[in-house]
Each structure stands twice: as C-alpha cells, then as structure tokens.
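Here is the structure we will look at, set down as structure tokens.
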Amino acid sequence: MENVKPRWREVLDISMPLCLSYIPIGLACGILLHAAGFSWILTTLVSLLVFSGGAQFMIASMLVANAPMHTILIMLFFLELRYALLGSSLSQYMRGTSKKFLYLFAASLNDENYAVNYLKFATDKGWTPKDALMVEHYSLLFWTGANLIGSLIGNMININLDIVDFALTALFLYMIVMQIKNVLTIFISLLSAVLAIIAMVLIKSTMGLVVATLLASLVGFMVEDYLVKHGHEKGFLLKKIKPKASRKVISKSGE
Numbered sequence: 276m277e278n279v280k281p282r283w284r285e286v287l288d289i290s291m292p293l294c295l296s297y298i299p300i301g302l303a304c305g306i307l308l309h310a311a312g313f314s315w316i317l318t319t320l321v322s323l324l325v326f327s328g329g330a331q332f333m334i335a336s337m338l339v340a341n342a343p344m345h346t347i348l349i350m351l352f353f354l355e356l357r358y359a360l361l362g363s364s365l366s367q368y369m370r371g372t373s374k375k376f377l378y379l380f381a382a383s384l385n386d387e388n389y390a391v392n393y394l395k396f397a398t399d400k401g402w403t404p405k406d407a408l409m410v411e412h413y414s415l416l417f418w419t420g421a422n423l424i425g426s427l428i429g430n431m432i433n434i435n436l437d438i439v440d441f442a443l444t445a446l447f448l449y450m451i452v453m454q455i456k457n458v459l460t461i462f463i464s465l466l467s468a469v470l471a472i473i474a475m476v477l478i479k480s481t482m483g484l485v486v487a488t489l490l491a492s493l494v495g496f497m498v499e500d501y502l503v504k505h506g507h508e509k510g511f512l513l514k515k516i517k518p519k520a521s522r523k524v525i526s527k528s529g530e
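First residue of the sequence shown: 276, per the numbering used here; consecutive thereafter.
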C-alpha cells in the first residue's frame with residue numbers, strides 16, 4: 276500500500292526547484308544589501324515586505340548612489356507595476372476566495388511563483404488557490420532565509436560597492452532579454468537607454484531615470500496602439516521574435 280503524501284508535502288515538492296534556485300541569488304542579494312548599509316533585521320524586513328529580487332537589487336544600487344528616497348520609491352512603483360497585470364491574469368482562478376486571502380496572495384506574488392502557479396492552474400484541474408498560496412509562502416521562506424544568511428555572511432566579507440552597480444545592470448539586462456517579444460520591444464529598450472542618458476545629463480539627478488521611464492513607456496504605448504488600430508499587427512515592429520506562451524499553448528503542452 277502506497278503512502279499518500281500530505282498536500283503540503285506535494286506542493287513543496289512541486290515548488291522545490293524554484294525554492295532551491297533562490298538560494299544563490301538570495302545570498303548575493305543579502306550580501307549586497309549589507310554592503311549598502313542594511314542590518315540583518317532590515318534585510319529580513321525588506322525581503323518579507325518587498326519580495327522582489329529586482330526591486331531589492333535596485334534599492335541597494337540606488338542607496339549606494341545616494342539617490343533620494345522619493346526617487347527610489349517612484350522607481351519601485353514603476354518596477355513593481357507589472358504585478359497588477361500578473362495578478363489580474365490569475366484572478367479567474369481566485370473566485371470564491373475571501374479578501375483576506377487575496378491580500379495575502381497579492382503580498383507574496385512575484386514573477387517566479389506566478390509562473391509556477393499559472394502553469395499549474397492551466398494544466399492541473401486539481402490545483403487550488405490554497406496550493407498556489409503555499410507555493411508563494413515556500414518561495415518567500417527560502418528567499419528570506421537566503422537573504423538573511425547573505426546579510427550575516429556580509430559581516431565577514433569586504434565587498435567592493437562597485438559590484439552593486441554591475442549586479443543590478445546584469446539583472447535588468449536579463450529581465451529585458453526575457454521580455455523581448457517583438458522588434459518594438461527592442462526599439463523601446465534602446466530608446467529608454469538614450470532617454471535615460473539625456474535626462475540624467477540635463478536633470479543631473481536620478482529623477483532622470485523616472486522621466487526616461489515615463490517617456491519611453493508613453494512612446495511605446497502610443498506606437499503599439501497606432502499600429503494595432505491601423506491593422507499593422509503583422510508589421511515589422513510587431514513581428515514576433517519568439518512565440519508567446521499563452522494559456523492555450525501551455526494547456527496543449529500539458530496534454
């Protein structure tokens with residue numbers, strides 16, 4: 276007679292590859308936050324409250340660059356705004372849950388556990404919102420633990436703060452590459468880089484990054500809206516670089 280695993284153990288097994296992948300990057304993030312002046316208590320708090328590797332690396336980098344707090348908050352707002360879209364795509368699976376549950380779910384949502392849960396919802400009819408919340412909490416536990424250990428290790432390691440800028444640049448280059456789906460995305464990425472340089476020179480402040488972000492986003496929206504409305508979906512700028520992983524595609528792959 277086979278031993279039936281409890282549900283929490285089954286969900287842990289499913290989320291374990293994600294959780295293990297958090298350990299090395301979480302250690303690095305904790306070390307960099309310590310180098311930026313965070314104590315182990317503050318590192319733990321920012322890991323729990325922010326729970327975004329990109330955001331935490333950005334916080335460390337901008338603090339090292341002596342950026343004003345309002346600039347950091349604005350950049351965090353635009354960086355994390357994507358979670359509104361990610362969360363909305365999961366809303367169809369959250370019907371019947373309480374507001375308290377939704378608050379907990381939204382607070383621990385990030386890119387990686389979203390990918391795991393979306394795939395499971397699309398391919399496994401037995402996957403429930405409670406299972407999805409467990410995936411989020413498991414990943415949060417591993418990420419926070421790795422950040423905490425990294426912060427404690429940081430007390431014994433002398434870090435050159437120049438590496439913070441390099442780590443953030445490498446992270447965002449990776450994020451850009453992973454989001455490239457057509458020529459328009461490449462064009463807007465290059466435009467935002469040029470605008471950021473111009474804005475930083477003119478404004479002489481990290482607020483130039485905010486201005487460049489807003490302008491590039493506006494241009495991208497206007498160009499895409501114009502092309503779609505005028506029937507240029509298959510034109511050069513909107514030509515897909517790689518296939519888009521829709522729910523239909525994921526469902527077919529899981530059959």
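Quick reminder that beta carbons are idealized off the backbone N, C-alpha and C, glycines included.
Three-state class that DSSP yields for residue i in the structure shown
| i | result |
| --- | --- |
| Asn430 | coil |
| Phe313 | coil |
| Lys479 | coil |
| Val524 | Confidence at Val524 is low in this model, with a pLDDT of 43, below 50, so its placement is unreliable and the value that follows should be read with caution. Three-state result, Val524: helix. |
| Phe326 | coil |
| Asn422 | helix |
| Val279 | coil |
| Thr403 | coil |
| Gly371 | coil |
| Asn385 | coil |
| His412 | helix |
| Leu295 | helix |
| Ala390 | helix |
| Ala351 | Rather than Ala, the amino acid found at residue 351 in this sequence is Leu. Residue state, collapsed to three classes: helix. |
| Ala359 | helix |
| Ala342 | coil |
Residue j beta carbon less than 7 Å from that of residue i
| i | j | result |
| --- | --- | --- |
| Gly301 | Asn422 | yes |
| Leu354 | Ala381 | no |
| Ala335 | Leu317 | no |
| Asp286 | Met409 | Reading off the sequence shown, one finds Val at residue 286, where the question assumed Asp. Result yes, Cβ atoms of Val286 and Met409 sit closer than 7 Å. |
| Ser426 | Gly305 | yes |
| Ala491 | Leu459 | no |
| Tyr368 | Phe396 | yes |
| Thr419 | Ser327 | no |
| Pro343 | Thr372 | no |
Anticipated Cβ contact below 8 Å, residue i with residue j, distance rounded
| i | j | result |
| --- | --- | --- |
| Ser290 | Val391 | 6 Å |
| Leu415 | Ser383 | 5 Å |
| Phe417 | Cys294 | 4 Å |
| Ser467 | Thr488 | 7 Å |
| Gly429 | Ala310 | 6 Å |
| Ile337 | Thr346 | Looking at the sequence provided, one finds Met at residue 337 rather than Ile. So it is a contact: roughly 7 Å between Cβ atoms. |
| Leu365 | Tyr393 | 7 Å |
Three CB pairs or more closer than 8 Å across the region 474–490 and the region 345–363: The region 474–490 vs the region 345–363: in contact.
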